[in-house]
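Participant: There's a structure below that I have some questions on.
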Amino acid sequence: MITLKLEILRRKHPEDVPHWESYDYQTEDETANIAVALTELNQKIENPVRWECSCLQKKCGACAMVIQNRPRLACDTPLKEFSKAGTVRIEPLRKFPVVADLIVDRSILFQNLETMKVWFAEEAKTKGSQMAYEASRCLQCGCCLEICPNFYAGGTFSGMSATLPTARLLTALPESQKKELCRAYRKYIYEGCGKSLACRNVCPAGIEIDKLLVNSNAVAVWKRKLKHET
Amino acid sequence: MQKVIIIGAGLAGLSASVTLAEHGISCALISLQNSERAQSVLAEGGINASLNTMGENDTVQNHYEDTLRGGVYLADPNAVQNLTFHAPEIVRWLEKLGVPFNMTDSDIMLRNFGGQKKKRTAYARSSTGKIIMTALIDEVRRYEAGGLIQRYPHHEFIQLLTENQACYGVRIQDAYTGKMTDFKGSVLLCSGGMNGVFPEMTTGTTQNSGDVTATVFRQGVTLGNPEMIQYHPTTIGISGKRCLVTEAARGEGGRLCIMQNQQKYYFMEEKYPELGNLMPRDVVAREMYFIRRKYGGEVFLDMTELSSVTWQKKLSDLRQEIMHYLALDPKTDLIPVREGIHYFMGGIDTDEYHRTNFRNLYAAGECTCQYHGANRLGGNSMLGALYGGRKSAETIIKTAEFLTEENQEVSVSVPEKASPVLIQKISQILLSGLGIVRNQETLLKQLNALEVLANQRTYSFYEQNRLLLAEAMLRSALERRESRGAHYREDYPDKNDNFRKTTIAECDDKNRVRISFRPIPEKRADI
Ligand SMILES: Cc1cc2nc3c(=O)[nH]c(=O)nc-3n(C[C@H](O)[C@H](O)[C@H](O)COP(=O)(O)OP(=O)(O)OC[C@H]3O[C@@H](n4cnc5c(N)ncnc54)[C@H](O)[C@@H]3O)c2cc1C
Ligand code: SF4
Ligand code: SF4
Ligand code: FES
Chain L
3 MITLKLEILR
13 RKHPEDVPHW
23 ESYDYQTEDE
33 TANIAVALTE
43 LNQKIENPVR
53 WECSCLQKKC
63 GACAMVIQNR
73 PRLACDTPLK
83 EFSKAGTVRI
93 EPLRKFPVVA
103 DLIVDRSILF
113 QNLETMKVWF
123 AEEAKTKGSQ
133 MAYEASRCLQ
143 CGCCLEICPN
153 FYAGGTFSGM
163 SATLPTARLL
173 TALPESQKKE
183 LCRAYRKYIY
193 EGCGKSLACR
203 NVCPAGIEID
213 KLLVNSNAVA
223 VWKRKLKHET
Chain X
33 MQKVIIIGAG
43 LAGLSASVTL
53 AEHGISCALI
63 SLQNSERAQS
73 VLAEGGINAS
83 LNTMGENDTV
93 QNHYEDTLRG
103 GVYLADPNAV
113 QNLTFHAPEI
123 VRWLEKLGVP
133 FNMTDSDIML
143 RNFGGQKKKR
153 TAYARSSTGK
163 IIMTALIDEV
173 RRYEAGGLIQ
183 RYPHHEFIQL
193 LTENQACYGV
203 RIQDAYTGKM
213 TDFKGSVLLC
223 SGGMNGVFPE
233 MTTGTTQNSG
243 DVTATVFRQG
253 VTLGNPEMIQ
263 YHPTTIGISG
273 KRCLVTEAAR
283 GEGGRLCIMQ
293 NQQKYYFMEE
303 KYPELGNLMP
313 RDVVAREMYF
323 IRRKYGGEVF
333 LDMTELSSVT
343 WQKKLSDLRQ
353 EIMHYLALDP
363 KTDLIPVREG
373 IHYFMGGIDT
383 DEYHRTNFRN
393 LYAAGECTCQ
403 YHGANRLGGN
413 SMLGALYGGR
423 KSAETIIKTA
433 EFLTEENQEV
443 SVSVPEKASP
453 VLIQKISQIL
463 LSGLGIVRNQ
473 ETLLKQLNAL
483 EVLANQRTYS
493 FYEQNRLLLA
503 EAMLRSALER
513 RESRGAHYRE
523 DYPDKNDNFR
533 KTTIAECDDK
543 NRVRISFRPI
553 PEKRADI
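Those sequence lines, one after another, are chains L and X.
The opening residue of the first sequence carries number 3 in my numbering; numbering runs sequentially from there.
The opening residue of the second sequence carries number 33 in my numbering; numbering runs sequentially from there.
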């Protein structure tokens with residue numbers, strides 16, 4: 003049996019003053035996670051907590067939020083971790099505008115990709131590339147932006163969530179996009195990234211961010227060929 | 033400007049939007065959440081196409097026959113012919129978009145999948161859906177930047193705008209601001225499977241609530257084969273849902289067994305020497321159900337004989353997932369598996385051109401009853417969604433009456449959501465009636481239980497729609513007095529070709545549900 007106090011930072015709408023509310027929660031499921039707790043809690047309380055989820059198996063990034071001060075996926079955060087402390091604090095991601103309760107508007111993630119023109123303008127030559135595979139796994143959850151010391155919404159630096167989709171293109175670097183893409187990479191990524199790799203530690207998809215970063219830098223900045231390709 | 037409204041941004045919606053954009057037609061792409069969160073990203077094992085890269089002399093004809101046979105001849109042969117004929121083209125297109133499929137030395141590698149005698153399933157390890165979606169999302173972004181595709185994530189379908197069996201738009205609500213807008217134009221539904229009808233019991237997402245299908249049904253759109261629900265043989269229970277163990281696990285050599293006197297008994301291999309563990313899913317799920325009933329205990333997936341290379345190059349994600357959720361290592365441990373609700377072969381009824389019974393209303397992807405008959409083959413649904421999206425867009429280009437009316441903001445009160453308690457109650461009724469093994473007695477009992485529930489109180493718009501959809505599913509299963517594919521009736525255990533017809537469910541304006549049967553179209557000449 004797990005018994006916990008869920009402390010949730012709540013707001014009805016973007017302008018609302020945020021306030022903490024505390025809920026007692028109990029479950030016999032020793033493997034239960036925060037997503038399950040929120041679902042069950044919402045069936046019992048009058049004003050359900052607004053939050054987003056979809057896959058419930060850490061594959062879609064919908065349920066990213068700040069749990070006990072760390073950006074995480076609710077469906078990948080077991081309650082057991084907090085049973086000793088007896089309480090867990092849950093709040094929305096802090097680098098995006100809040101919509102209500104735990105929902106934030108992550109449009110900036112996608113706007114950045116559009117600004118950087120992240121798409122193949124010609125036939126892609128990624129044939130079987132394991133690096134293109136790894137880069138394709140990014141969930142666009144935004145956890146990396148939350149932890150990143152250099153990212154803020156509205157700044158030039160686009161963060162790791164934009165680096166990985168760009169890295170996918172750089173594995174095949176189309177001739178016609180070479181100049182523009184490398185320039186965008188340097189401006190929106192390379193110049194802003196401190197390479198501390200704090201993002202790697204929170205990435206819920208466990209993406210090999212360091213390898214992809216080294217390779218993208220090599221291609222876009224140092225004009226070298228890709229390494230590590232298997 | 034010409035405009036099409038697409039509901040759903042999974043594989044089907046994205047594929048349709050790109051096809052329209054390629055023809056210079058603009059569309060609004062509406063979805064509850066961003067494409068990165070659509071159910072399509074969960075697809076694991078792969079996508080079918082007779083690329084014949086493995087030296088097995090595979091052909092389109094083989095793919096066509098396997099698909100029809102797998103669906104026990106309930107699918108429209110002309111539609112399946114189109115699907116399988118264009119499959120290689122679809123996979124080559126994905127390759128051009130930069131999908132890093134696993135490769136042989138020179139070409140796309142194919143793996144074995146259920147119900148198919150030849151290697152035909154292209155894949156990217158065991159995250160094929162995610163990897164394809166990433167490439168497709170980038171492609172959509174290209175057209176989005178060019179202004180042809182307008183994305184509306186966090187927007188919810190409320191209802192169709194219709195008049196005299198014609199659709200002229202759709203009412204949408206911004207889930208963030210609550211703003212309601214009537215979008216005017218032809219409508220393409222790509223809203224995915226009805227997973228939400230069985231909360232916590234499916235391998236799918238919570239986003240696919242089934243509300244779109246339920247609502248359009250209530251508005252007069254007909255459904256086909258709603259009783260055809262696929263139970264995937266190998267799922268594991270995790271907190272809050274069923275988690276899929278991809279069929280690729282068996283495609284790469286995994287074997288199903290049950291323990292008998294401490295010995296592994298490989299029951300599928302014994303009974304079906306040719307395809308063994310890779311019989312179509314309906315057969316495997318049923319055999320698992322019966323073998324458990326006979327011997328008790330759990331059925332296990334034995335992957336202990338798979339080579340290290342296979343784990344590393346082909347199934348690395350799967351191994352990690354199983355270790356994460358079950359604390360078992362499939363390299364050395366047997367994995368207990370159970371059947372779980374996975375796919376909906378039935379849904380919105382369309383013809384082979386993806387037209388519904390309403391003018392200017394089209395549907396594609398898992399929300400439709402198309403291509404898969406009474407049972408879907410693994411790897412055919414991503415194909416069906418991608419091809420269906422494209423085909424429906426082509427039909428729209430040819431036939432839709434393009435409306436030029438402006439969208440209109442409307443102020444109407446927001447319909448109340450279905451209560452989770454009611455959803456659970458309906459789900460319990462359906463699970464009892466629509467299990468792997470069905471019979472008249474339980475179906476009648478559950479229909480009765482549903483009626484009692486329906487008369488208990490007054491219900492909101494969404495709740496009524498759900499009740500009507502549930503009735504359509506149960507009544508369809510009751511009327512199909514035979515066993516075929518996923519629909520197994522122990523009181524009618526044999527196939528009966530008088531029922532080689534599509535079950536059609538209709539809801540009239542007095543909310544009465546009617547079930548009838550429509551013959552399968554005759555096959556035309558080969559393409
Ligand atoms: C775990 C798993 C593994 C699978 N593996 C494979 C495989 O290996 N091979 C294969 O071929 N198939 C596989 N499938 C099946 C396949 O993934 C799906 O059938 C296919 O991706 C469906 O695509 P779609 O575009 O029709 O729908 P989805 O991807 O489900 O998209 C539905 C869209 O509709 C939107 N939507 C839903 N309701 C509303 C609403 N009310 N308002 C607004 N928008 C709404 C959603 O936001 C979403 O964008 C798998 C499925 C699952 C669950
Ligand atoms: S390496 Fe550091 S600066 Fe760069 S994206 Fe990651 S956290 Fe931010
Ligand atoms: S890099 Fe990791 S943390 Fe960042 S958006 Fe992608 S999946 Fe999320
Ligand atoms: S719900 Fe998809 S990652 Fe949590």
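Glycine included, each C-beta is placed from N, C-alpha and C at the ideal position.
The structure presented is a predicted model; accordingly, all values stated were derived computationally and were not measured.
1. Indicate, with yes or no, if ligand 2 has a heavy atom lying under 6 angstroms from the CB of residue 3 of chain L.
2. Looking at the C-beta of residue 45 of chain L, does it have a partner C-beta in chain X at a distance below 7 angstroms?
3. Quick one: residues in its chain with C-beta nearer than 8 angstroms to the C-beta of residue 114 of chain X, no 5 flanking neighbours on either side, listed in chain order?
4. May I ask you to check if the CB of residue 63 of chain L is nearer than 6 angstroms to at least one heavy atom of ligand 4?
5. For a test of the three-state rule: what should DSSP assign to residue 232 of chain L, helix, strand or coil?
6. From L:190, L:9, L:221, L:82, pick the residue whose C-alpha is nearest to that of residue 152 of chain L; which is it?
7. What's the gap between the Cα of residue 517 of chain X and the Cα of residue 377 of chain X?
8. Identify, in the order they occur along the chain, each residue of the same chain with its Cβ nearer than 8 angstroms to the Cβ of residue 197 of chain X, setting aside the five sequence neighbours on each side.
9. Give me the chain X residues within the contact set of residue 141 of chain L, using Cβ-Cβ distance strictly less than 7 angstroms, ordered along the chain.
10. Could you check if residue 130 of chain X is buried or exposed, using at least 16 other CB atoms within 10 Å of its CB as the buried criterion?
11. Go through the region 374 to 412 of chain X residue by residue and report every complete run of the alpha helix (DSSP H) that reaches 4 residues or more, in order.
12. List the whole-angstrom C-beta distance separating residue 605 of chain X from residue 163 of chain X, where the pair is believed to meet the contact cut-off of C-beta under 8 angstroms.
13. Expressed to the nearest angstrom, what Euclidean distance is found between the alpha-carbon atoms of residue 68 of chain L and residue 182 of chain X?
14. Beta-carbon separation of residue 372 of chain X and residue 235 of chain X under 7 angstroms?
15. Rounded to whole angstroms, what is the Cα-Cα separation between residue 244 of chain L and residue 142 of chain L?
16. Mind checking if residue 122 of chain L is an interface residue toward chain X, Cβ cutoff 7 angstroms exclusive?
17. Just to confirm, does residue 60 of chain L get its C-beta within under 6 angstroms of one of the non-hydrogen atoms of ligand 6?
18. Which word fits residue 10 of chain L, buried or exposed, when buried means at least 16 other C-beta atoms lie within 10 angstroms of its C-beta?
19. If you measure from the CB of residue 166 of chain L, is any heavy atom of ligand 3 nearer than 6 angstroms?
20. Have a look at X:269, X:42, X:60, X:220 and flag the residue whose alpha-carbon is nearest the alpha-carbon of residue 31 of chain L.
21. Would residue 5 of chain L count as contacting chain X if we go by Cβ distances under 7 angstroms?
22. Quick one, which of X:112, X:40, X:176, X:349 has its alpha-carbon nearest residue 277 of chain X's?
23. Which stretch, first to last residue, makes up the beta strand (DSSP E) that contains residue 55 of chain L?
24. Quick check: is the beta carbon of residue 8 of chain L nearer than 7 angstroms to any beta carbon in chain X?
25. Interface residues of chain L around residue 272 of chain X at Cβ under 7 angstroms?
26. Per the DSSP calculation, residue 198 of chain X is bridged to which residue(s)?
27. Is the beta carbon of residue 77 of chain X sitting closer than 7 angstroms to the one on residue 279 of chain X?
28. May I ask whether a heavy atom of ligand 2 can be found less than 6 angstroms away from the beta carbon of residue 200 of chain L?
29. Could you check if residue 142 of chain X belongs to the surroundings of ligand 3, using beta carbon to heavy atom distance under 6 angstroms?
30. Applying the criterion that 16 or more other CB atoms from any shown protein chain within 10 Å of the CB defines a buried residue, is residue 185 of chain X buried or exposed?
31. Cβ atoms of residue 441 of chain X and residue 213 of chain X: under 7 angstroms apart, would you say?
32. Work out the CA separation of residue 174 of chain L and residue 221 of chain L for me, nearest whole Å.
33. Just tell me which of L:170, L:124, L:25 has its CA closest to the CA of residue 136 of chain L.
34. Here's the rule I'm using: 16 or more other beta-carbon atoms within 10 Å means buried, otherwise exposed. How should residue 230 of chain L be labelled?
35. Excluding the 5 residues flanking residue 267 of chain X on each side, which residues of the same chain have their C-beta closer than 8 angstroms to its C-beta?
36. Taking residue 129 of chain X as the query, report the chain L residues whose CB atoms sit under 8 angstroms from its CB, ordered along the chain.
Facilitator: With the given structure in hand:
1. Counting from 1 along the first sequence, the entry for residue 3 of chain L is found at position 1. No; taking the cut-off as 6 angstroms, the Cβ of residue 3 of chain L has no heavy atom of ligand 2 nearer than that.
2. Position 43 of the first sequence holds residue 45 of chain L. Yes, residue 45 of chain L lies at the interface with chain X (some Cβ there is under 7 angstroms from its Cβ).
3. Taking the first residue of the second sequence as 1, we reach residue 114 of chain X at position 82. Once the five neighbours on either side are set aside, the close Cβ partners of residue 114 of chain X are 384, 419, 423, 559.
4. Residue numbering aside, residue 63 of chain L sits at position 61 when the first sequence is read from its first letter. Yes; taking the cut-off as 6 angstroms, the Cβ of residue 63 of chain L has a heavy atom of ligand 4 nearer than that.
5. By one-based count along the first sequence, residue 232 of chain L stands at place 230. Note that residue 232 of chain L has pLDDT 40, beneath the 50 cutoff, so the model's placement of it is unreliable and the number below is only indicative. Looking at residue 232 of chain L - three-state DSSP - the assignment turns out to be coil, as it is neither helix nor strand.
6. Residue numbering aside, residue 152 of chain L sits at position 150 when the first sequence is read from its first letter. Of the candidates L:190, L:9, L:221, L:82, the one whose C-alpha sits nearest the C-alpha of residue 152 of chain L is L:190.
7. Within the second sequence, the letter at position 485 stands for residue 517 of chain X. Within the second sequence, the letter at position 345 stands for residue 377 of chain X. The C-alpha of residue 377 of chain X is placed about 10 angstroms away from the C-alpha of residue 517 of chain X.
8. Within the second sequence, residue 197 of chain X is the residue found at index 165, counting from 1. Counting only Cβ-Cβ distances below 8 angstroms, and skipping sequence neighbours, we find 252, 389, 390, 391.
9. For the purposes of this step, residue 141 of chain L is taken as residue 139 along the first sequence, with counting starting at 1. Residues of chain X whose Cβ lies closer than 7 angstroms to the Cβ of residue 141 of chain L are, in chain order, 68.
10. To locate residue 130 of chain X, count along the second sequence from 1; it is residue 98. So residue 130 of chain X ends up on the buried side.
11. Qualifying alpha helix (DSSP H) stretches: none in this window.
12. Coverage of chain X is limited to positions 33 through 559, which leaves residue 605 of chain X absent and any answer about it impossible.
13. Reading the first sequence from its first residue, position 66 is the one you call residue 68 of chain L. Reading the second sequence from its first residue, position 150 is the one you call residue 182 of chain X. Looking at the two C-alpha atoms, the distance is approximately 31 angstroms.
14. On the second sequence, position 340 is the one that residue 372 of chain X refers to. On the second sequence, position 203 is the one that residue 235 of chain X refers to. Cβ distance < 7 angstroms, so residue 372 of chain X and residue 235 of chain X count as in contact.
15. As displayed, chain L neither begins before 3 nor continues past 232, which places residue 244 of chain L out of reach and without an answer.
16. Residue 122 of chain L sits at position 120 when you count from the first residue of the first sequence. Residue 122 of chain L counts as touching chain X.
17. Questions concerning ligand 6 fall outside what the structure shown contains, since the ligands it does hold are ligand 1, ligand 2, ligand 3 and ligand 4.
18. Taking the first sequence and counting its residues from 1, one reaches residue 10 of chain L at position 8. Residue environment for residue 10 of chain L: buried (at least 16 other C-beta atoms within 10 angstroms of its C-beta).
19. For the purposes of this step, residue 166 of chain L is taken as the residue at position 164 of the first sequence. Yes, the Cβ of residue 166 of chain L comes within 6 angstroms of a heavy atom of ligand 3.
20. Here residue 31 of chain L is taken as the residue at index 29 of the first sequence, counted from 1. Nearest option by C-alpha distance: X:269.
21. Locating residue 5 of chain L in the first sequence gives position 3, counting from the first residue. No, residue 5 of chain L lies away from the interface with chain X (no Cβ there is under 7 angstroms from its Cβ).
22. Numbered from 1 along the second sequence, position 245 holds the residue referred to as residue 277 of chain X. Comparing Cα-Cα distances from residue 277 of chain X to each of X:112, X:40, X:176, X:349, the minimum goes to X:349.
23. Position 53 of the first sequence holds residue 55 of chain L. That residue, residue 55 of chain L, is in no beta strand (DSSP E); it is neither H nor E in DSSP.
24. Counted from its first residue, the first sequence places residue 8 of chain L at position 6. Chain X contact via Cβ: absent.
25. For the purposes of this step, residue 272 of chain X is taken as the residue at position 240 of the second sequence. By Cβ distance, chain L contributes 37, 38, 41, 58.
26. Locating residue 198 of chain X in the second sequence gives position 166, counting from the first residue. Beta-bridge analysis with DSSP links residue 198 of chain X to X:195, X:391.
27. As a working mapping, residue 77 of chain X is identified with position 45 in the second sequence. As a working mapping, residue 279 of chain X is identified with position 247 in the second sequence. If you check the CB distance, residue 77 of chain X and residue 279 of chain X come in under 7 angstroms.
28. Start at 1 with the first residue of the first sequence, and residue 200 of chain L comes out as number 198. For ligand 2, at least one heavy atom lies less than 6 angstroms from the Cβ of residue 200 of chain L.
29. For the purposes of this step, residue 142 of chain X is identified with residue 110 of the second sequence, where counting begins at 1. Because no heavy atom of ligand 3 lies under 6 angstroms away, the Cβ of residue 142 of chain X does not count as near it: no.
30. In the second sequence, the residue the question calls residue 185 of chain X occupies position 153. Buried: at least 16 other Cβ atoms inside 10 Å.
31. As a position in the second sequence, residue 213 of chain X is number 181, starting the count at 1. As a position in the second sequence, residue 441 of chain X is number 409, starting the count at 1. Yes, the Cβ-Cβ distance between residue 213 of chain X and residue 441 of chain X is below 7 angstroms.
32. Counting from 1 along the first sequence, the entry for residue 221 of chain L is found at position 219. Counting from 1 along the first sequence, the entry for residue 174 of chain L is found at position 172. Rounded to the nearest angstrom, the two C-alpha atoms are 10 angstroms apart.
33. Counted from its first residue, the first sequence places residue 136 of chain L at position 134. Nearest C-alpha to residue 136 of chain L: L:170.
34. For this step, residue 230 of chain L is matched to residue 228 along the first sequence. Residue confidence for residue 230 of chain L is low, a pLDDT of 47 falling below 50, so the modelled location carries little weight and cannot support an answer.
35. For the purposes of this step, residue 267 of chain X is identified with residue 235 of the second sequence, where counting begins at 1. Here the set comprises 235, 274, 275, 276, 277, 369, 370, 371, 372, 374.
36. Along the second sequence, read from residue 1 onward, the residue named residue 129 of chain X stands at position 97. 122, 126, listed in chain order.
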